[in-house]
Every structure is written in C-alpha cells, then in structure tokens.
Amino acid sequence: MFPISDDNSDRTTAPVINYALIAINILVFVFLQGVGSNDKFTYAFSTVPEEIVTGRDITTPDRTFQNPAPGGEPVVVPGLQPTPFTVYITLLTSMFMHGGIAHIFGNMLFLWIFGDNLENKLGHWRYLIFYLVCGLLASLAH
-3 MFPISDDNSD RTTAPVINYA LIAINILVFV FLQGVGSNDK FTYAFSTVPE EIVTGRDITT
57 PDRTFQNPAP GGEPVVVPGL QPTPFTVYIT LLTSMFMHGG IAHIFGNMLF LWIFGDNLEN
117 KLGHWRYLIF YLVCGLLASL AH
C-alpha cells in the first residue's frame, strides 16, 4: 500500500521550495539524464568516492562487451566522463539524479507527501538548507 497524500489542514504557507525541488528533480531526469538513458551525463555528474577523496577527476575509456545471445549486438558501456567543473560539485549534482523511473517516482512521491510538512514546520529557507545538507551527507556517506 502506497500513501498518496496526507492531511495538511494545518499548513500555513504554500510549499514553494518543495514544489521547486520536485520540478528540478524531474527536469534533470527528463532533460539531462534523458529519462535514465544518458549514461555519459550520469557518469560525469555522479559522485565517485575516489574523486572526492583525491580531489581529481577520473576518466575511464568506454568498454565494449560481446553480447552472448545468438546474433546479439556488442554492448558499449561508457566509462567515467570528465566533470566540466570541480569534482566537488558532484556532491550537489548527484542529489538531483535518479537511476530510473521507479527511483524518481518513489522519491518524488515521498517528497510530495512529506516535504510540504517539513517546509511548513521549518520555513522555506531552513527547509532548503535541510534538504541540501541531507543530500550532501548522503553523497559523503556513499
């Protein structure tokens, strides 16, 4: 059973930050990640622990694997891509990336249901700071 809403009768302000975060996540997933099909973008802007520890970008070549199925086409797996900014920006960019439709759907569903409650209790800016700090901590824990 999945929740689809909650009681917000005590809400005193519109959750504009929450709506903006949901919109940003969806826009990144659809337009930058190509609904999960743009591996080069994903590999350039995902947090790679070794890059964070060393402070330097790691790139690896694309690899081609032969598909063992009869008549199977070779499969190309892109390598790690260079990040056009400092590698530390990936601590932020990875917060807005998702691995597939189910991943983004689940995250946005729970952000929709519970994020507005947090924003109402914390206020707009403290909620945004809370969201970003939690995302940074999650990236560092990775």
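Throughout the sequence shown, residue numbering follows the numbering used here, covering -3 to 138 in sequence.
Backbone N, C-alpha and C fix where the C-beta goes; we use that ideal spot for every residue, glycine too.
Proximity below 7 Å, CB of residue i to CB of residue j
i: I85; j: H94; result: no
i: D35; j: P74; result: yes
i: V83; j: E47; result: yes
i: Y39; j: L76; result: yes
i: Y123; j: L114; result: yes
i: N186; j: D112; result: In the structure displayed, the chain extends from -3 to 138; residue 186 sits before or after that span and is not available.
i: F37; j: T89; result: no
i: V71; j: N63; result: yes
i: D2; j: I97; result: no
i: T43; j: H120; result: no
i: I18; j: M104; result: yes
For residue j and residue i, the rounded distance between their alpha carbons
i: M91; j: L132; result: 8 Å
i: E69; j: V12; result: 47 Å
i: A134; j: V26; result: 23 Å
i: K117; j: L107; result: 15 Å
i: G32; j: T55; result: 20 Å
i: G102; j: F81; result: 30 Å
i: F61; j: G67; result: 13 Å
i: C130; j: S5; result: 27 Å
Per-residue burial, residue i [other beta carbons within 10 Å of its own, 16 or more giving buried]
i: T9; result: exposed
i: D58; result: exposed
i: L87; result: buried
Extent of the continuous beta strand (DSSP E) to which residue i belongs
i: F61; result: R59 to F61
One or two residues paired with residue i in a DSSP bridge
i: V73; result: R59
Endpoints, alpha helix (DSSP H) assigned at residue i
i: L88; result: T86 to T89
i: V49; result: P45 to T50
i: G131; result: H120 to A137
i: M104; result: I97 to F106
i: V24; result: Careful: V24 lies outside any alpha helix (DSSP H) and carries neither H nor E.
i: A40; result: D35 to F41
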